[in-house]
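Numbering (my numbering), first residue to last: 144 to 334.
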C-alpha cells in the first residue's frame, strides 16, 4: 500500500492518474506507467520505442511531475508487456502498477472510486496491524520470560561447569543469586 505522500516512484497514483490516461477497452494493447528520475527523461524519450518489440510509437506521454520524478504512460501490445517492464527495470526506470476502475469515459469518478477503495484498504490494513501488534506484544512478553529463564539456566550450568573444571571433583560449593534492590535514597545518593 503506497502512501499519499512521497515522490511519484513510491506514492499512490490514485490522485494523479485519470482513467483517460489508461487504455482499458483494448483486447491487444495495455498501458504501462513508468516513473523516471529527472536525469533519465531524455534517454527514455530517445529509447522507449525500441526497448521491446511492439511498443506503440509516440505513446510516451508525460502525465505528472514532481521534484524528483516524471510519470509517463507507454502503450505496448499485451504480448510484449512483461518484456517491456523487465527491460524498463534493467534501465533503472520504475514501472508502477495501477488498477484504475471503470472505462476511459468515466472522467474523474474513476479516480474517486480508486481513492475510496484505497482508503478502505488502508483502514483494513490498520485494523489488521492493531490486531497483529497485540498478538506480537503478547508473544513478546511470553517469549521474554522464557528467554530470561533459559538464559539463567545456561548461566547456572556455566558456573557449575567452570567450577568443576577449575576446582575438580567432588563439587563441594554453594551457588546463589544475589538480587539487589536499589532504594530511592541510594538512587538519590548515586545521582
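Glycine included, C-beta positions come from ideal geometry on N, C-alpha and C.
Since the model is a prediction, treat every value here as computed from it, not as a measurement.
Task: Nonlocal neighbours in the same chain, by C-beta distance under 8 Å from residue 205, ignoring five residues either side - done: Counting only Cβ-Cβ distances below 8 Å, and skipping sequence neighbours, we find 213, 214 and 215.
TODO: Since I believe residue 239 is in contact with residue 176 (beta carbons under 8 Å), could you give me their beta-carbon distance rounded to a whole number of angstroms?
DONE: Yes, residue 176 and residue 239 are in contact; Cβ-Cβ is about 4 Å, under 8 Å.
TODO: Count the other CB atoms, across all protein chains shown, that sit within 10 Å of the CB of residue 225; report buried if there are 16 or more and exposed otherwise.
DONE: Within 10 angstroms of the beta-carbon of residue 225 lie fewer than 16 other beta-carbons, which makes it exposed.
Open item on the list: Restricting to Cα atoms, I'd like to know which of 296, 219 and 174 is closest to residue 160.
Closed with: Nearest C-alpha to residue 160: 174.
TODO: Could you have a look at residue 190 and say whether DSSP puts it in helix, strand or coil?
DONE: In this structure, residue 190 counts as helix in the three-state DSSP scheme.
Task: Of the listed residues 300, 209, 191 and 162, nearest to residue 149 (C-alpha basis) - done: Closest option to residue 149, judged by alpha-carbon separation, among 300, 209, 191 and 162: 209.
Task: Candidates 218, 234 and 321, of which the one nearest residue 203 by Cα - done: The candidate whose alpha carbon is nearest that of residue 203 is 218.
- [ ] Taking residue 164 as part of the beta strand (DSSP E), name the residues at either end of that continuous run.
- [x] Per DSSP, residue 164 is not a residue of any beta strand (DSSP E), being assigned neither H nor E.
Task: Contact under 9 Å by Cβ, residue 241 with residue 165 - done: Residue 165 is positioned such that its CB atom lies closer than 9 Å to that of residue 241.
Task: Residue of 156, 198, 199 and 168 minimising C-alpha distance to residue 178 - done: From the listed residues 156, 198, 199 and 168, the smallest Cα separation to residue 178 is found for 156.
TODO: At 3 residues or longer, and completely inside the stretch 261-330: list those beta strand (DSSP E) runs for me, N to C.
DONE: For secondary structure counted as the beta strand (DSSP E) over 3 or more consecutive residues, the stretch 261-330 holds no complete run.
Open item on the list: Would residue 222 and residue 197 qualify as a contact pair, given that the criterion is a beta-carbon distance under 9 Å?
Closed with: Cβ atoms of residue 222 and residue 197: closer than 9 Å.
Open item on the list: Could you pull the DSSP bridge partners for residue 220 from this structure?
Closed with: When DSSP reads this structure, residue 220 sits in a beta bridge with 172.
Open item on the list: Can you list, in chain order, the residues of its chain with a C-beta nearer than 7 Å to that of residue 263? Leave out the 5 residues immediately preceding and following it.
Closed with: Within the same chain, residue 263 has no close Cβ partners at all.
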